[in-house]
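For reference, the structure is listed below as structure tokens.
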Amino acid sequence: MTAASQAPRLTSQLVNGLLAIKPLANFAKSQARQMMIQRAESIGVPWTQTATALMSRGLEVWEAERQELENHGLKYPDYYLTSFHAYEAGNLSWEAATEVAVASYAAHARIWPEAGAQGDARLRQSYHQLLQAQLPNPPQDILDMGCSVGLSTFAMQDTFPQARLTGLDLSPYFLAIADHNSPQSPIQWLHRAAEETQLPDHSFDLVSLCLVCHELPRTATQQIFAEARRLLRPQGHLAVMDMNPESEVHRKLPAYVLTLLKSTEPYLDDYFSFDIQQAFLEAGFQQPSLSCNSPRHRTLIAQRA
């Protein structure tokens with residue numbers, strides 16, 4: 004092992020040590036959140052105004068809509084009941100739900116310096132262009148696992164307008180936002196765990212996980228891949244677009260930036276050391292293709308074996 008390959012690990016270990024000290028971890032989360040808000044506002048994305056406007060409908064209205072979508076028998080996986088993205092309640096809160104979209108715009112604004120607030124749309128487009136190029140036929144039934152507030156689902160709908168789409172997520176708060184943003188859409192929103200969807204065998208031509216796996220422990224990803232295979236038709240495909248641990252951008256992150264990032268992403272170490280290609284094979288898929296669709300993201304696509 005070379006010194007160069009050891010360096011990121013040593014930096015990561017140092018960051019982990021700092022984040023094990025709760026006051027420092029809380030400070031890092033606060034700094035990360037403020038940095039994202041400032042970045043959003045600097046590129047013309049009104050973070051605070053957007054969240055405030057959504058909540059202006061009234062908490063009672065939102066709660067009623069959440070209750071309609073919520074699967075009250077769902078048992079949340081332990082890994083989900085933790086702090087994500089500087090929100091102590093993680094994804095199970097209105098604060099997180101009303102800020103997902105603006106946070107995505109801010110996070111992806113600097114992938115391509117010239118893209119600005121359009122970086123998020125460009126990232127998703129780069130993913131879908133690979134799907135269009137590699138899938139032998141346009142999918143008729145698509146499952147968007149970890150759909151959040153629907154950004155990935157709406158973009159998929161634009162790419163494959165003839166397809167029937169299902170968006171599935173563990174947060175009823177996120178799903179309420181997605182449903183509110185698609186009043187005339189035929190998209191089906193489901194509050195279920197991706198590991199156990201309770202959907203029929205062989206129901207889909209494409210299962211997509213867009214920017215999801217880095218937020219999971221590897222055991223959950225492995226279970227989700229197995230569930231995806233069950234759900235796919237014989238010629239169906241599983242597609243994953245996410246952070247690329249091998250990118251130069253991630254390999255050379257300054258310690259300060261890495262600290263802020265890891266303070267908001269509890270499973271990042273596990274994801275960065277996870278052999279995701281092997282996980283495809285173990286779940287019963289063919290060897291996945293791997294494409295770098297941005298300077299810091301990768302896409303893997305594989306057909307059901």
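When we follow our numbering, the leftmost residue of the sequence shown carries the number 4, and every step to the right adds one.
Idealized CB from N, CA, C, for every residue including glycine.
Burial state of residue i (16 or more Cβ within 10 Å)
| i | result |
| --- | --- |
| residue 216 | buried |
| residue 291 | buried |
| residue 60 | exposed |
| residue 104 | buried |
| residue 48 | buried |
| residue 296 | buried |
| residue 285 | exposed |
| residue 210 | buried |
| residue 230 | buried |
| residue 51 | exposed |
| residue 55 | exposed |
| residue 299 | buried |
| residue 91 | exposed |
| residue 67 | exposed |
| residue 251 | exposed |
| residue 71 | exposed |
Which of helix, strand or coil DSSP assigns to residue i
| i | result |
| --- | --- |
| residue 10 | The predicted position of residue 10 is uncertain, since its pLDDT is 43 and thus under 50; a value taken from the coordinates is nonetheless stated next. Note: residue 10 maps to helix in three-state DSSP. |
| residue 156 | helix |
| residue 90 | strand |
| residue 163 | coil |
| residue 2 | Here the chain has residues from 4 to 308 only, and residue 2 is not among them. |
| residue 343 | This structure gives no information on residue 343, because the portion of the chain shown stretches from 4 to 308. |
| residue 290 | coil |
| residue 216 | helix |
| residue 233 | helix |
| residue 122 | helix |
| residue 316 | Beyond the ends of the chain as shown, which are 4 and 308, falls residue 316; an answer cannot be given. |
| residue 143 | coil |
| residue 182 | helix |
| residue 40 | helix |
| residue 251 | helix |
| residue 204 | coil |
| residue 67 | helix |
Presumed contact (8 Å Cβ cut-off) between residue i and residue j, rounded CB distance
| i | j | result |
| --- | --- | --- |
| residue 226 | residue 190 | Contact doesn't hold; Cβ gap of about 25 Å is too wide. |
| residue 248 | residue 275 | 4 Å |
| residue 120 | residue 108 | 5 Å |
| residue 110 | residue 39 | 7 Å |
| residue 99 | residue 36 | Wrong, their Cβ atoms sit about 11 Å apart, outside the cutoff. |
| residue 195 | residue 112 | About 32 Å separates the two Cβ atoms, so there is no contact after all. |
| residue 171 | residue 193 | 5 Å |
| residue 156 | residue 173 | With 8 Å as the limit, residue 156 and residue 173 do not qualify as a contact, their Cβ atoms being about 15 Å apart. |
Check whether residue i and residue j have beta carbons under 7 Å apart
| i | j | result |
| --- | --- | --- |
| residue 62 | residue 101 | no |
| residue 2 | residue 212 | Nothing can be reported for residue 2: it is not among the residues displayed for the chain, which extend from 4 to 308. |
| residue 144 | residue 207 | yes |
| residue 186 | residue 73 | no |
| residue 3 | residue 125 | The chain is shown from 4 up to 308; residue 3 falls before or after that span and cannot be answered. |
| residue 240 | residue 304 | yes |
| residue 204 | residue 232 | no |
| residue 220 | residue 278 | no |
| residue 93 | residue 85 | yes |
| residue 166 | residue 142 | yes |
| residue 289 | residue 306 | yes |
Close beta carbons around residue i, own chain, < 6 Å, minus the five adjacent residues each side
| i | result |
| --- | --- |
| residue 294 | 133 and 302 |
| residue 287 | 232 and 308 |
| residue 256 | none |
Cβ shell of residue i (< 7 Å), same chain only, five flanking positions each side left out
| i | result |
| --- | --- |
| residue 223 | 80, 82 and 198 |
| residue 97 | 58, 65 and 176 |
| residue 123 | 107, 108 and 111 |
| residue 178 | 72, 172, 192 and 194 |
| residue 163 | 141, 142 and 145 |
| residue 244 | 130, 213, 214, 296, 300 and 302 |
| residue 200 | 171, 230 and 234 |
Spatial neighbours of residue i in its chain, beta-carbon cut-off 8 Å, leaving aside the 5 residues before and after
| i | result |
| --- | --- |
| residue 184 | 152, 153 and 157 |
| residue 46 | 108, 109, 112, 119 and 120 |
Min CB distance residue i to chain B below 7 Å
| i | result |
| --- | --- |
| residue 212 | Among the chains of the structure shown, chain B does not appear; only one protein chain is present. |
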